[in-house]
Amino acid sequence: MFADDECMHRIAVLVAAQVFSRTDAPTENDTLIEHVGETAVSLLHQEVFFGFPAINWDVPLSLEDGVALRNYLERKRHFLLYAPDILELWCDRFVDMWIALFKHLPDRMFKAKALNRGAFELSTPLVDILDDPALAVESLLGTFAHNDLEQHSLFEPLLAIVNDNLFEASGIAFEDRATSRRPLLLPSKSREPAHQLPEIYLSGTPFLKLFEAEVSVDVPDETRFEHAHVVAGTGHGKTQLFQYLIAKDLEQVSAGRASIVVIDSQGDLIDNISHLDVFGPDGGLHDRIVHIDPTDVAYPVALNMFDLNTEAPTPLEQEKLLNGVLELYDYIFGSLLGAELTQKQGVVFRYVARLLLMIPGANIQHLRRLMEDDGLEQFAEYIPKLDSPTARAFFETEFNSREFDATKKQVRRRLWGILENKTFEHMFSYPHTKLRLSEEMNAGKVILINTSKDLLKQNGTEIFGRFFVALITQAALERASIPKAQRMPTHVYIDEANDYFQGGDQNLPVILEQARKYRISMTLAHQYLDQLDGKLRSSFAANTSTKIIGGVSDKDARAFANDMRTSPDTITAMRKFDDHAEFAISVKNVTGGTMRLRVPFGYMERMTRMSDADFAQLRSAQRMRYCVPVDEVRSALSKSVGANDMSGVDNSGHAGDPFVDTYE
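Residue numbers (our numbering): 168 to 831.
Structure below.
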C-alpha cells in the first residue's frame, strides 16, 4: 500500500478535505484548494511513508550515504510498525498548520471570484492583503513546536528548513547555534517590511507559495473616478505601469463600457498603443482610435480653442456650461502666459473669450489681433451681439483704457512668441475644430494625444497639454445633460502631469472635481514630489484616492507613508527586477493599507502588433478625419491673420518673419 504513489495522492486529497471540514471553511476558491492540496503532496513526498529509495547495490556506499540509508530505514521501520497512528498524527498536525493560517486569511480567500463588470481588477500577493502578516507567519511557526513531531520524526525536512531560516533571521551563525545567547527573532519582533517576512521565515517551504499567490482586488469605477496619483523614479517602470493599466482598460473599451485618453510627451507610450493590431483594419477597435500627432506636420490636426460647444438643453444648463468654459479659459490662458493669471489678466481674458465665442471661425489669430492697438475696431461689429450688458460696457469703456494697455501688450508679445512655432500656428489657426473630444469620449474611443516635447519643447508641451486637459474638462461639463447611467466611463492617463499643472494652480481641484462628478478618472504621473510646489502637492494629495508609488527617494516615501497607511520602509522596499517592477499601491476604502502591485515588463509589447502597411492605412484615415492638409491651413491662415499683418505673408498664405519656417 505505502509503495504506491497513487495512494499518496489519495491521502493528500483526503487530508486537504479534512482541512476545510475541520475549519468549516467554504471550498469555493479553487486557488486556495489547490494550494492546500499541493502542500500536502509536497510534504508527503518528504516523508518515508511512500516508496523506497533507488539503490545501486553494485556500488559500495560511502560512509555518509550509508548512515543516511540506515537512518531512513530506521524511520521507515518505525512508521510501518505504527503506520495508522503516525499517519493520523501527521494529518492532524497538517490540519493544525492550516487552521493557524486560515485565522489570518481575509474572507475573500474563501469565496469564488465574483464577476464584477463595474470594477477594474488588479492583482497583488496574498501577504499584502493580510491584516498582520507577521502574526500569520508566527502562528504557522507555532504549530511546528509539538514534541510528538520530533518523537516520530515527522516533517523533519520542513522543520530543518524553518530552523535554518529562523536562526538566519536572528543573526545567529550556524557554528554558534549551540552556544549563542542571542534570543531567536520571531516575525512579530522583526523590523523588516511586513511583505518580506514570509520569504525570510518560510523560504524553501511549500507554504511560501501561498503567501506569494496573486489575489484579485477589484477597484470599482466609482473609486477610480476619485483619481490616482503615480510617482515613479527614473527607470523604475512608469511607462510599463501605464501600458499594463491601459491594456486592462482596453478590455472594457472592447466591451463598449469605457473610453481612454492618454496624454504623453515622450512618444514611446503612444507609439506602443497606436501600433496594436486591435486598431488595425481587421481589429476589433479599428474605428475606435483617435491619434493626435503634432509631428505629422504635413497634416496638422485642426484645433480651435474658440470653437467649443456651449449649447445645452435648458437656459440654466447653458449658463452653467458657459461659465465652466470661461473658467477653463483661465487655465488655458495661464499656460499661454507661462504663469497663473493675475486678476487684471483674468478680467481681460474672460471678457475677450466671451467676445471671441461670438465671432464665427474665431481662432488664436483673432485673439492676437484683438490685443493690437486697433483690435477693438476690427471686431466692433460683434460687441452688440454680446448678451451681457456688462460685457458690452467693458469693451466700450474699459478695454482700450490705459489701465489695460500693459496687460494687452504682454499678452500680444506672448502670442507672437507662441505663434513663432509653426506647429502651433498651423494647428490653432484653422476656423473650425475637426476633433470634438466630448463626442469621441462618449463613443468609447481610445484617444492618444502626443504632446511631443522633442518638437514642441517644454513650453509648447505645457500649452498643448493644458489645452487638452481643458477640453477633457469641458467634455465633462457637457455631460451634465446626460443621465448618469449613460455617461461613458472615461479613463485619462497623463504622464509627466507636472508639465500641465502650474504652481499655485487653483484650477486643478476644480478640474478633478468636475471629472469625478461626470465619471472621468484621471491618473496623474510624474517622477518625484519636488516637481510640484506645496499648494499643487496638496491638491494632488487631497484629490486622489489611489496612490501608486515606486522607485522613490526616502524623502518622498516619508511624505506618502501616512496617506498610504504604511511605513516609509515599505514604500522604499519596492524593487525592480529583470522581468517586473513592484509598486506600492493604496486605494481608499479598498485596500485598507498598502499592497504591492507587480507590473510585468513587456506586457503590451507582447500583444499582437499591426504591420507597417496597416499603420499607414490607419494614419491616412486619421488624417482624413481629424486633420487638414498644410496648404489648406495656410490658405485659412492668410484670411485670419488680418489685413494689417498681410505684408509678411506670401501668396501661398505662409507667413514669413515673425513666423519662422522651421520645417522646409
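Built from N, CA and C at the ideal position, the CB exists for glycine as well.
These figures come from a predicted structure and were not determined experimentally.
Could you tell me if the beta carbon of residue i falls within a distance shorter than 7 Å of some heavy atom in the ligand SAH?
i, result
"K806", "In terms of ligand content, the structure shown is empty, and the ligand SAH therefore cannot be addressed."
For a quick check, are the C-beta atoms of residue i and residue j less than 8 Å apart?
i, j, result
"I367", "V613", "no"
"E772", "N439", "yes"
"L804", "S619", "no"
"H599", "G501", "no"
"G759", "M741", "no"
"V457", "L615", "yes"
"R683", "P656", "no"
"S357", "R242", "no"
"A709", "Q681", "no"
Identify whether residue i lies in helix, strand or coil by the three-state DSSP scheme.
i, result
"P735", "helix"
"T481", "coil"
"S370", "coil"
"K487", "helix"
"F835", "No statement about residue 835 is possible, as the shown extent of the chain runs from 168 to 831 and does not include it."
"M689", "strand"
"D779", "helix"
"A810", "Low confidence applies here, because A810 scores a pLDDT of 46, under 50, leaving its location unreliable; read the following figure in that light. The answer is helix: DSSP assigns A810 an H, G or I state."
"I526", "coil"
"T711", "coil"
"P273", "coil"
"F261", "helix"
"E548", "helix"
"L804", "helix"
"K743", "strand"
"E305", "helix"
"E831", "Low confidence applies here, because E831 scores a pLDDT of 33, under 50, leaving its location unreliable and the question unanswered by this model."
"D431", "strand"
"M538", "coil"
"H458", "strand"
"T557", "helix"
"G880", "Limits of the chain in this structure are 168 at one end and 831 at the other, which puts residue 880 out of reach."
Tell me which same chain residues have a C-beta within less than 6 Å of the C-beta of residue i, skipping the five on either side of it?
i, result
"D444", "G450, T775, R776 and M777"
"D781", "G447 and P448"
"A303", "H271 and L297"
"I266", "T190"
"Q789", "H458"
"A399", "K405, G717 and G718"
"V186", "V203, V262 and W265"
Round the Cβ separation of residue i and residue j to the nearest angstrom and send it over; I've been treating them as touching at under 8 Å.
i, j, result
"E288", "D385", "6 Å"
"L582", "L534", "7 Å"
"V766", "S712", "At roughly 20 Å, the Cβ-Cβ gap does not stay under 8 Å, so V766 and S712 are not in contact."
"V468", "M594", "6 Å"
"L691", "A664", "4 Å"
"A637", "I413", "In fact, because the Cβ distance is near 22 Å, the residues do not count as touching under 8 Å."
"S807", "Q532", "4 Å"
"M538", "R579", "4 Å"
"H658", "A425", "6 Å"
"L316", "R260", "6 Å"
"L228", "L236", "7 Å"
Could you tell me the alpha carbon to alpha carbon distance between residue i and residue j, rounded to whole angstroms?
i, j, result
"F634", "V382", "40 Å"
"V420", "A610", "10 Å"
"L211", "F269", "21 Å"
"A395", "N476", "29 Å"
"L199", "V492", "53 Å"
"A751", "F744", "15 Å"
"L523", "Y549", "9 Å"
"Q653", "R646", "9 Å"
"R569", "A560", "16 Å"
"F378", "V215", "27 Å"
"E587", "E749", "44 Å"
"E359", "F707", "30 Å"
"A726", "M791", "48 Å"
"Y770", "R344", "46 Å"
"N818", "V464", "For N818, the predicted model reports a pLDDT of 38, less than 50, meaning its position is unreliable; a value from the coordinates is still stated below. N818 and V464: Cα-Cα distance of roughly 20 Å."
"T497", "Y518", "According to the sequence displayed, residue 497 carries Asp and not Thr. Their backbone Cα atoms lie some 11 Å apart in a straight line."
"Q694", "Q641", "28 Å"
"Y466", "C794", "6 Å"
"L230", "P324", "21 Å"
"L834", "D554", "Only positions 168 to 831 of the chain appear in the structure, and residue 834 is not among them; the question remains open."
"K487", "L436", "36 Å"
Give every residue of the same chain whose Cβ lies closer than 7 Å to the Cβ of residue i, excluding the five residues on either side of it in the sequence, and list them in chain order.
i, result
"H747", "R765, V766, P767 and F768"
Got a sec? Which residues, its chain only, sit under 8 Å from residue i by beta carbon, not counting five neighbours each side?
i, result
"S337", "R349, P350, L351 and L352"
"T783", "One detail in the question is off: residue 783 reads as Ala in this sequence, not Thr. If we look at A783 and ignore the five residues flanking it on each side, it has no Cβ neighbours."
Counting only beta-carbon atoms, is residue i nearer than 8 Å to chain B?
i, result
"V797", "The chain labelled as chain B is not found in the depicted structure, where only one protein chain is given."
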